[in-house]
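Those protein sequences? They're chains A and B, same order as listed. Counted from 1, the first sequence has number 65 at position 65 by our numbering; the numbering is strictly sequential. Counted from 1, the second sequence has number 207 at position 63 by our numbering; the numbering is strictly sequential. Remarks on the structure that follows.
2 protein chains.
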Amino acid sequence: MTEHSLWRFSRALHRAINERQPQDLEALIDDDVDWAIYGPIDMFPFLGARRGKEAVLEVIRQIAENIRIHRFDRETVMLGVDSAASMMRYSLTSLESNKPISLRVAHFAQFKGGRLSNIRVLMDSFDLVEQALGHSLHLPRMTA
Amino acid sequence: MTEHSLWRFSRALHRAINERQPQDLEALIDDDVDWAIYGPIDMFPFLGARRGKEAVLEVIRQIAENIRIHRFDRETVMLGVDSAASMMRYSLTSLESNKPISLRVAHFAQFKGGRLSNIRVLMDSFDLVEQALGHSLHLPRMTA
Numbered sequence: 001m002t003e004h005s006l007w008r009f010s011r012a013l014h015r016a017i018n019e020r021q022p023q024d025l026e027a028l029i030d031d032d033v034d035w036a037i038y039g040p041i042d043m044f045p046f047l048g049a050r051r052g053k054e055a056v057l058e059v060i061r062q063i064a065e066n067i068r069i070h071r072f073d074r075e076t077v078m079l080g081v082d083s084a085a086s087m088m089r090y091s092l093t094s095l096e097s098n099k100p101i102s103l104r105v106a107h108f109a110q111f112k113g114g115r116l117s118n119i120r121v122l123m124d125s126f127d128l129v130e131q132a133l134g135h136s137l138h139l140p141r142m143t144a
Numbered sequence: 145m146t147e148h149s150l151w152r153f154s155r156a157l158h159r160a161i162n163e164r165q166p167q168d169l170e171a172l173i174d175d176d177v178d179w180a181i182y183g184p185i186d187m188f189p190f191l192g193a194r195r196g197k198e199a200v201l202e203v204i205r206q207i208a209e210n211i212r213i214h215r216f217d218r219e220t221v222m223l224g225v226d227s228a229a230s231m232m233r234y235s236l237t238s239l240e241s242n243k244p245i246s247l248r249v250a251h252f253a254q255f256k257g258g259r260l261s262n263i264r265v266l267m268d269s270f271d272l273v274e275q276a277l278g279h280s281l282h283l284p285r286m287t288a
């Protein structure tokens, strides 16, 4: 039984980020990949949408310059033939502030011939902002 | 072929929220359901974790008092035998402020005997906060 593309991609991605070794990853990204990490791009310019392998490798390089991954726990995973979705918890450090950040992340990925062709990543972005700022933001209570 | 539990649950949930008719939903929730919608609970007290059918029905009643769903598009869906995950876009109105809100949401759900036993919902919560406030929050740029 062949290993699912998700596992190979995940190992290569974490190696590219933590060790700044993107070589394994390059072969696992489709030339026309459609990539989006939804979140506050004003605060973190390496979030947002990218199209094509070069743009994605460049944004992963920027991510590698800004965060270090200490740990991730995959709480839920669903695998299709050429697709995968997970809910994960990441323990990160923001290298700019040296702050530890604990972040819940969901991704939906599609692969074509073993290469990533589409990924959508969602996170609890308000929680991320508060942790990155290092303090709570006052919010009004909104209830009808 | 039997309809997947997700579709029945989804119809009943939307009916419970928009029409405040939770009767169909009651039969589709496990007594010991484990429920979490991650997000800013200070602003929206109906977010957060709940345990057990009564607590979940109560929080759905609170959600129904606070939002109206105009439309949702399921961009990605993955179905397992007793599980499902989707990435969705919701168009909502906050009934307290009468503001339209467009929100990206991911969920991972598990069913037991056709009833919801576990659900985790993640959303782009910073985007939600800014839309609910009706203005942008100034954020510093964080890059190493």
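We put the beta carbon where it would ideally sit given N, CA and C, even for glycine. In this text, all values refer to a predicted model and were calculated from it rather than measured experimentally.
* **Ser280(B) burial status per 10 Å Cβ neighbour count (16 or more: buried)** => The sequence position of residue 280(B) within the second sequence is 136, counting from 1. With fewer than 16 Cβ atoms within 10 Å of its Cβ, Ser280(B) is classed as exposed.
Practice problem: State yes or no: is the C-beta of Leu260(B) within less than 8 Å of the C-beta of Leu172(B)? | Solution: On the second sequence, position 116 is the one that residue 260(B) refers to. On the second sequence, position 28 is the one that residue 172(B) refers to. Contact flag set, yes.
Given that Ala229(B) touches chain A, what residues does it touch there, using C-beta distances under 7 Å? On the second sequence, residue 229(B) is found 85 positions in, with the first residue counted as 1. Per Cβ cutoff of 7 Å: Met78, Ala85.
8 Å is my cut-off, CB to CB: does Met142(A) come that close to chain B?
Looking up residue 142(A) in the first sequence gives position 142. Chain B contact via Cβ: present.
- Which of the residues in the region 43-60 of chain A, read from start to end, lie with their CB under 9 Å from any CB of chain B? Met43, Phe44, Pro45, Phe46
Check: With 8 Å set as the bound, which would you pick, yes or no: does the beta-carbon of Leu260(B) sit closer than that to a beta-carbon of chain A?
Finding: Residue numbering aside, residue 260(B) sits at position 116 when the second sequence is read from its first letter. No, because no Cβ of chain A sits closer than 8 Å to the Cβ of Leu260(B).
TODO: Work out the CA separation of Ala109(A) and Met87(A) for me, nearest whole Å.
DONE: The residue you call residue 87(A) lines up with position 87 of the first sequence. The residue you call residue 109(A) lines up with position 109 of the first sequence. Those two C-alpha atoms are separated by around 12 Å.
Quiz prompt | CB contact below 8 Å: Asn66(A) versus chain D | solution = Reference to chain D is not applicable here, since the protein chains of this structure are A and B.
For Arg11(A), decide whether its Cβ has a neighbour in chain B, counting only Cβ atoms nearer than 8 Å. The residue given as residue 11(A) occupies position 11 in the first sequence. Arg11(A) does not count as touching chain B.
TODO: Quick one: give me the first and last residue of the alpha helix (DSSP H) that Leu157(B) is part of.
DONE: On the second sequence, position 13 is the one that residue 157(B) refers to. 149-162 is the extent of the alpha helix (DSSP H) around Leu157(B).
Fill in: Rounded distance between the beta-carbons of Asp268(B) and Tyr38(A), thought under 8 Å
For the purposes of this step, residue 38(A) is taken as residue 38 along the first sequence, with counting starting at 1. For the purposes of this step, residue 268(B) is taken as residue 124 along the second sequence, with counting starting at 1. Contact flag correct, Cβ pair sits at about 5 Å.
- Message: Any heavy atom of the ligand ZN closer than 7 Å to the beta-carbon of Pro100(A)?
- Response: This structure lacks the ligand ZN; in fact it carries no ligand of any kind.
* Asked: Counting pairs of Cβ atoms below 8 Å between the region 45-56 of chain A and the region 189-204 of chain B, do you hit three or more?
  -> no
Straight-line gap, Ala36(A) to Asp168(B) (C-alpha atoms, nearest Å)
Walking along the first sequence from the start, residue 36(A) turns up at place 36. Walking along the second sequence from the start, residue 168(B) turns up at place 24. Between Ala36(A) and Asp168(B), the C-alpha separation is close to 36 Å.
Item to check | Residues that DSSP places opposite Arg264(B) in a beta bridge | outcome: One-based indexing of the second sequence puts residue 264(B) at position 120. The partner list for Arg264(B) (beta bridge, DSSP) reads Ala180(B), Phe252(B).
Check whether Gln131(A) and Ile101(A) have beta carbons under 8 Å apart | Translated into the one-based positions of the first sequence, residue 131(A) becomes position 131. Translated into the one-based positions of the first sequence, residue 101(A) becomes position 101. Yes, the Cβ-Cβ distance between Gln131(A) and Ile101(A) is below 8 Å.
Below 8 Å between beta carbons: does that hold for Val273(B) and Phe126(A)? In the second sequence, counting from the first residue as 1, residue 273(B) sits at position 129. In the first sequence, counting from the first residue as 1, residue 126(A) sits at position 126. A contact, by the Cβ cut-off of 8 Å.
According to DSSP, is Val221(A) part of a helix, a strand, or is it coil?
What the structure shows of chain A is the stretch from 1 to 144, and residue 221(A) is not part of that stretch, so it cannot be assessed.
First through last residue of the beta strand (DSSP E) which encompasses Ala288(B)
Here residue 288(B) is taken as the residue at index 144 of the second sequence, counted from 1. Careful: Ala288(B) lies outside any beta strand (DSSP E) and carries neither H nor E.
Rounded to whole angstroms, what is the Cα-Cα separation between Val77(A) and Ser227(B)? The residue you call residue 77(A) lines up with position 77 of the first sequence. The residue you call residue 227(B) lines up with position 83 of the second sequence. Spanning the two alpha carbons is a distance of roughly 10 Å.
*asked:* What does the alpha-carbon distance come out to for the pair Thr143(A) and Gly114(A)?
replied: The count along the first sequence starts at 1 and reaches residue 143(A) at position 143. The count along the first sequence starts at 1 and reaches residue 114(A) at position 114. Distance between the alpha carbons of Thr143(A) and Gly114(A) is about 47 Å.
query = Whose CA, out of Tyr234(B), Lys243(B), Phe153(B), Arg164(B), lies closest to the CA of Asp174(B)?
reply = Stepping through the second sequence from its first residue, residue 174(B) is reached at position 30. It is Phe153(B).
Discussion item. Helix, strand or coil for Ser136(A)? Go by DSSP, reduced to three states.
Written reply: Numbered from 1 along the first sequence, position 136 holds the residue referred to as residue 136(A). Correct three-state label for Ser136(A): coil.
### Message
Tell me the rounded alpha-carbon separation between Arg159(B) and Pro166(B).
### Response
Reading the second sequence from its first residue, position 15 is the one you call residue 159(B). Reading the second sequence from its first residue, position 22 is the one you call residue 166(B). Distance between the alpha carbons of Arg159(B) and Pro166(B): 7 Å.
Open item on the list: Any beta carbon of chain B sitting closer than 8 Å to that of Tyr38(A)?
Closed with: For the purposes of this step, residue 38(A) is taken as the residue at position 38 of the first sequence. Taking Cβ atoms only, chain B reaches closer than 8 Å to Tyr38(A), which makes this a yes.
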